[in-house]
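Trainee: Adding 63 to a residue's 1-based position in the sequence shown gives its number in our numbering.
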Amino acid sequence: MTLLEGRSLTIAFGGVHAVDGVSSEIQAGELVGLIGPNGAGKTTLLRLLTGVLRPDSGRVLFEGRDITRMPIHRRARLGFALTHQIVRPFRDMTLAENVTIAARSLAPWSAFTKVNIEKERQRALSLLSRLGIGDAADKPARSVPLGYLKRMQVARALALEPRLLLLDEPLAGLNYAEAARLADLIVELNASGITVVLVEHNLGEVTRIARRLLVMHNGAILAQGDPRAVMARADVRDAYLGAEAHA
């Protein structure tokens with residue numbers, strides 16, 4: 064079943080088409096890697112799909128329903144969750160408090176709403192433990208290393224009870240061991256029933272865990288399919304080598 068679909072999505076900044084007529088489908092239960100050289104349009108496409116940006120033209124559909132103009136908070140209630148490349152926690156709050164705030168954003172609120180603080184805390188602790196950082200739950204975000212913050216950000220996304228998890232470079236800045244551990248956790252989340260779209264520059268890990276790759280170049284889809292077959296293509300290799308040669 065097609066869960067998320069972009070149809071002819073286009074957006075330009077200052078006359079430059081960051082995403083140029085891109086159409087793509089994400090099937091329920093997939094773990095899709097979205098890759099490409101710097102400036103290819105990956106993050107922009109992710110933001111179009113999640114509603115952070117609105118396309119100049121084209122449509123976004125969720126389970127066949129047009130959500131192109133639907134605001135972000137309503138998409139979250141449909142089951143969207145997005146993590147950003149740069150982690151922006153509430154730095155003076157603990158990891159548990161950071162996760163609790165995300166969970167609370169889903170709850171309907173009124174002046175008469177009764178907040179079960181202990182229940183919310185236990186849920187946050189459970190999510191942090193699931194991500195392997197329960198030992199740091201009561202530490203302020205400013206005091207923990209990047210690897211912990213990356214996992215906390217995923218826990219914060221999971222607090223939204225997503226059906227679709229969109230991750231923007233979750234492995235960036237991590238060492239080899241940290242990246243491998245977080246990649247394995249992403250596989251576990253996908254196995255639990257969450258559809259995952261992963262934007263990532265760590266080609267070793269993304270090709271290891273993704274079931275399908277989408278490769279972007281110059282704002283368009285260059286290739287898609289089985290990770291090994293895609294990475295063996297000459298045009299994909301040229302896109303990366305060309306980007307590195309001009310870096």
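For each residue, glycine too, the CB sits at the ideal point set by N, CA and C.
By DSSP, does Ile74 sit in helix, in strand, or in coil?
Mentor: To locate residue 74, count along the sequence shown from 1; it is residue 11. Strand, per DSSP.
Trainee: Let me know the beta strand (DSSP E) ranges lying completely inside the stretch 159-236, each 3 residues or longer, listed in chain order.
Mentor: 227-231
Trainee: Measure the beta-carbon distance from Met215 to Leu191 and round it to whole angstroms, keeping in mind my assumption that it falls under 8 Å.
Mentor: Taking the first residue of the sequence shown as 1, we reach residue 215 at position 152. Taking the first residue of the sequence shown as 1, we reach residue 191 at position 128. With a Cβ gap of about 7 Å, Met215 and Leu191 count as contacting.
Trainee: Along the chain, where does the alpha helix (DSSP H) containing Glu263 start, and where does it finish?
Mentor: Counting from 1 along the sequence shown, the entry for residue 263 is found at position 200. Looking at the DSSP string, Glu263 is not in any alpha helix (DSSP H), and its letter there is neither H nor E.
Trainee: Can you find the residues in the same chain that come closer than 7 Å, C-beta to C-beta, to Arg184, ignoring five residues on each side of it along the sequence?
Mentor: Locating residue 184 in the sequence shown gives position 121, where the first residue counts as 1. So the list reads Ala159 and Thr163, once near-sequence residues are dropped.
Trainee: Whose CA, out of Arg296, Arg275 and Ala295, lies closest to the CA of Gly288?
Mentor: Within the sequence shown, residue 288 is the residue found at index 225, counting from 1. Cα-wise, what sits closest to Gly288 is Arg275.
Trainee: For Ala103, does the three-state DSSP call read helix, strand or coil?
Mentor: Position 40 of the sequence shown, counted from the start, is the residue given in the question as residue 103. Coil at Ala103, not helix or strand.
Trainee: Just grab the DSSP bridge partners of Glu68 for me.
Mentor: On the sequence shown, residue 68 is found 5 positions in, with the first residue counted as 1. Glu88 and Leu124, per the DSSP bridge assignment.
Trainee: Check the DSSP bridge columns for Gly288 and list the partner residues they point to.
Mentor: In the sequence shown, residue 288 corresponds to position 225, counting from 1. The partner list for Gly288 (beta bridge, DSSP) reads Leu276.
Trainee: Straight-line CA distance for Pro118 to Ala254?
Mentor: Position 55 of the sequence shown holds residue 118. Position 191 of the sequence shown holds residue 254. Going by the C-alpha atoms only, they are around 32 Å apart.
Trainee: Would you mind sorting Glu268 into buried or exposed? The rule is 16 or more other CB atoms within 10 Å of its CB.
Mentor: As a working mapping, residue 268 is identified with position 205 in the sequence shown. Glu268 comes out buried.
Trainee: Between Val150 and Lys213, is the Cβ-Cβ spacing less than 8 Å?
Mentor: By one-based count along the sequence shown, residue 150 stands at place 87. By one-based count along the sequence shown, residue 213 stands at place 150. A contact, by the Cβ cut-off of 8 Å.
Trainee: Use the C-beta contact count for Thr176: other C-beta atoms within 10 angstroms, 16 or more gives buried, fewer gives exposed.
Mentor: Translated into positions along the sequence shown, residue 176 becomes position 113. Caution applies to Thr176, whose pLDDT of 48 falls short of 50 and renders its modelled position unreliable; the model cannot decide the point.
Trainee: For Ile284, collect the residues of the same chain with a Cβ closer than 8 Å to its Cβ; drop the 5 residues on either side in sequence, then sort them by chain order.
Mentor: For the purposes of this step, residue 284 is taken as the residue at position 221 of the sequence shown. Once the five neighbours on either side are set aside, the close Cβ partners of Ile284 are Val85, Ser86, Ser87, Leu277 and Val278.
Trainee: Considering only the alpha carbon of each residue, which of Ala187, Leu94, Gly78 and Leu108 lies closest to His280?
Mentor: For the purposes of this step, residue 280 is identified with residue 217 of the sequence shown, where counting begins at 1. The option with the nearest alpha carbon to His280 is Leu108.
Trainee: Evaluate Phe153 with the Cβ neighbour count: other Cβ atoms within 10 Å of its Cβ, from every protein chain shown; 16 or more gives buried, anything less gives exposed.
Mentor: Here the question's residue 153 lines up with position 90 in the sequence shown. Label assigned to Phe153: exposed.
Trainee: Rounded to whole angstroms, what's the CA-CA distance from Tyr211 to Leu252? Just pull it up for me.
Mentor: On the sequence shown, position 148 is the one that residue 211 refers to. On the sequence shown, position 189 is the one that residue 252 refers to. The straight-line gap from Cα to Cα measures roughly 17 Å.
Trainee: Do the stretch 67-78 and the stretch 122-129 meet, that is, are 3 or more Cβ pairs less than 8 Å apart?
Mentor: yes
Trainee: For Leu194, which residues from the same chain have a beta carbon less than 7 Å from its beta carbon, with the 5 sequence-adjacent residues on both sides left out?
Mentor: The residue labelled residue 194 in the question sits at position 131 within the sequence shown. Excluding residues within five positions, the ones whose Cβ falls inside 7 Å are Arg214, Val217, Ala218 and Leu248.
Trainee: Check the C-beta distance from Leu227 over to Ala165 and give it rounded, since I have them as a contact under 8 Å.
Mentor: Within the sequence shown, the letter at position 164 stands for residue 227. Within the sequence shown, the letter at position 102 stands for residue 165. Leu227 to Ala165, Cβ: 16 Å. No contact.
Trainee: Output yes or no for whether 8 Å exceeds the beta carbon distance between Ala240 and Leu234.
Mentor: Taking the sequence shown and counting its residues from 1, the one referred to as residue 240 is at position 177. Taking the sequence shown and counting its residues from 1, the one referred to as residue 234 is at position 171. No, the pair does not count as a contact, with Cβ atoms beyond the cut-off.
Trainee: Can the beta-carbon of Ile74 be found less than 8 Å from the beta-carbon of Ala81?
Mentor: What you label residue 74 is simply residue 11 of the sequence shown in a count that begins at 1. What you label residue 81 is simply residue 18 of the sequence shown in a count that begins at 1. In contact: Ile74 and Ala81 (Cβ atoms closer than 8 Å).
Trainee: Consult DSSP for Val250 and reduce its assignment to one of helix, strand or coil.
Mentor: For this step, residue 250 is matched to residue 187 along the sequence shown. Val250: helix per DSSP, three-state reduction.
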